[in-house]
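Contents: one structure, followed by commentary.
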Amino acid sequence: MIVRHSSSEEVTQPREVSCETIDYLQWEVAGVHTTCIVNTASIDVKEFTFASRIENITGLDFDANKKVEYLPIFIHEKFPNLEALSAYDCSIKEISKESFKELNKLKVLWLSGNQIQKIESDVFKDLTLLEIVDLSLNQISSMKGDSFEGLKHLKAVGLKGNMCINQLFIGEDQLSTVDGIVTAKCAEAATSIVT
Numbered sequence: 212m213i214v215r216h217s218s219s220e221e222v223t224q225p226r227e228v229s230c231e232t233i234d235y236l237q238w239e240v241a242g243v244h245t246t247c248i249v250n251t252a253s254i255d256v257k258e259f260t261f262a263s264r265i266e267n268i269t270g271l272d273f274d275a276n277k278k279v280e281y282l283p284i285f286i287h288e289k290f291p292n293l294e295a296l297s298a299y300d301c302s303i304k305e306i307s308k309e310s311f312k313e314l315n316k317l318k319v320l321w322l323s324g325n326q327i328q329k330i331e332s333d334v335f336k337d338l339t340l341l342e343i344v345d346l347s348l349n350q351i352s353s354m355k356g357d358s359f360e361g362l363k364h365l366k367a368v369g370l371k372g373n374m375c376i377n378q379l380f381i382g383e384d385q386l387s388t389v390d391g392i393v394t395a396k397c398a399e400a401a402t403s404i405v406t
């Protein structure tokens, strides 16, 4: 939505999406959560947010919704108690820190099977309790080695099936080697493309 001010200046306001269903779901590793399910809404631009604040929602599910190209921004404002977010097998092209801003209770993040191409270094910065992140089966060809820096509770990162990353990192020792492996795999992939 575009709002026009008297000075003929245009300001873009976020468009809104709502929960289509609210249900109690048993998440594979995250337990039972009161979950907001968005399985048919179209989110085709970055400037989407949720229409209403729902305090008791602890899970957010976009799974298999091919109309989702971006995660809504400022999710924390509408779901302050979110612990699990799943958007696997959607059409997400990129993730931004605005989507994860202040989601300091989030423990599980599933983003496998999308079209994500790069991971910026500070995108997960606010996810201080994050334990599991699955980025497998994307198109990641660029990822900063410090993308997971400061995430002290992180136990597993799924990266299998990406362009130049094909690892599953589990535990503190292996997570500390992300930078070296990512650099080596990407350099190896770049060399094989050039030659």
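Here our numbering runs 211 ahead of the position in the sequence shown, where the first position is 1. Backbone N, C-alpha and C fix where the C-beta goes; we use that ideal spot for every residue, glycine too.
Can you say whether residue 451 is buried or exposed, counting buried as having 16 or more other CB atoms within 10 angstroms of its CB?
Examination of residue 451 is not possible in this model, given that the chain is present from 212 through 406 alone.
From residue 409 to residue 316, what distance separates their C-alpha atoms?
Past the boundaries of the shown model lies residue 409; the chain is included only from 212 to 406, so the question cannot be answered.
Within 10 Å of its beta-carbon, does residue 408 have 16 or more other beta-carbons around it, so buried, or fewer, so exposed?
The chain is shown only over 212 to 406; residue 408 falls outside these bounds and no answer can be derived.
Based on DSSP bridge pairs, tell me the residues matched to residue 226.
For the purposes of this step, residue 226 is identified with residue 15 of the sequence shown, where counting begins at 1. Answer is 259, bridged to residue 226.
Looking at residue 306: is its Cβ nearer than 7 Å to the Cβ of residue 279?
Your numbering for residue 306 matches position 95 in the sequence shown. Your numbering for residue 279 matches position 68 in the sequence shown. No, the Cβ-Cβ distance between residue 306 and residue 279 is not below 7 Å.
Can you tell me whether DSSP reads residue 353 as helix, strand or coil?
On the sequence shown, residue 353 is found 142 positions in, with the first residue counted as 1. Three-state result, residue 353: strand.
Identify every run of the beta strand (DSSP E) within the segment 291-332, keeping only runs that are complete inside it and at least 3 residues long; order them along the chain.
Here the runs fully enclosed are 295-297, 319-321.
Residue 286 by DSSP, collapsed to three states: which one?
For the purposes of this step, residue 286 is identified with residue 75 of the sequence shown, where counting begins at 1. Here residue 286 sits in helix by DSSP.
For residue 249, name the three-state secondary structure that DSSP assigns.
Position 38 of the sequence shown, counted from the start, is the residue given in the question as residue 249. Three-state DSSP puts residue 249 in coil, outside helix and strand.
Measuring CA to CA, which of 310, 330, 270 is closest to residue 286?
Reading the sequence shown from its first residue, position 75 is the one you call residue 286. When 310, 330, 270 are compared, the shortest CA-CA separation from residue 286 is found for 310.
One question on the structure: do residue 269 and residue 292 come within less than 7 Å of each other, judged by their Cβ atoms?
Within the sequence shown, the letter at position 58 stands for residue 269. Within the sequence shown, the letter at position 81 stands for residue 292. Closer than 7 Å, so yes.
Specify the secondary structure class of residue 368 as computed by DSSP and reduced to three states.
The residue given as residue 368 occupies position 157 in the sequence shown. In this structure, residue 368 counts as strand in the three-state DSSP scheme.
Drop a sphere of 10 angstroms on the beta-carbon of residue 298, count the other beta-carbons inside from all chains shown, and report buried for 16 or more, exposed for fewer.
Within the sequence shown, numbered from 1, the residue matching residue 298 stands at position 87. Label assigned to residue 298: buried.
Give me, in chain order, the residues of the same chain whose beta-carbon lies closer than 8 Å to that of residue 235; leave out the 5 immediate sequence neighbours on both sides.
Counting from 1 along the sequence shown, the entry for residue 235 is found at position 24. If we look at residue 235 and ignore the five residues flanking it on each side, its Cβ neighbours are 243, 244, 245, 246.
Between 226, 296, 282, which has its C-alpha nearest residue 271's C-alpha?
Counting from one through the sequence shown, the residue named residue 271 turns up at place 60. The shortest Cα separation from residue 271 among 226, 296, 282 belongs to 296.
If you draw a straight line from the alpha carbon of residue 289 to that of residue 372, how long is it in whole angstroms?
Residue mapping note: residue 289 aligns to position 78 of the sequence shown, counting from 1. Residue mapping note: residue 372 aligns to position 161 of the sequence shown, counting from 1. Distance between the alpha carbons of residue 289 and residue 372 is about 33 Å.
Could you spell out where the beta strand (DSSP E) holding residue 183 opens and where it closes?
This structure gives no information on residue 183, because the portion of the chain shown stretches from 212 to 406.
Quick one: grab the DSSP three-state call for residue 334.
On the sequence shown, position 123 is the one that residue 334 refers to. Coil, per DSSP.
Considering only the beta carbon of each residue, do residue 277 and residue 302 sit closer than 7 Å?
Counting from one through the sequence shown, the residue named residue 277 turns up at place 66. Counting from one through the sequence shown, the residue named residue 302 turns up at place 91. Yes, these two residues count as a Cβ contact at 7 Å.
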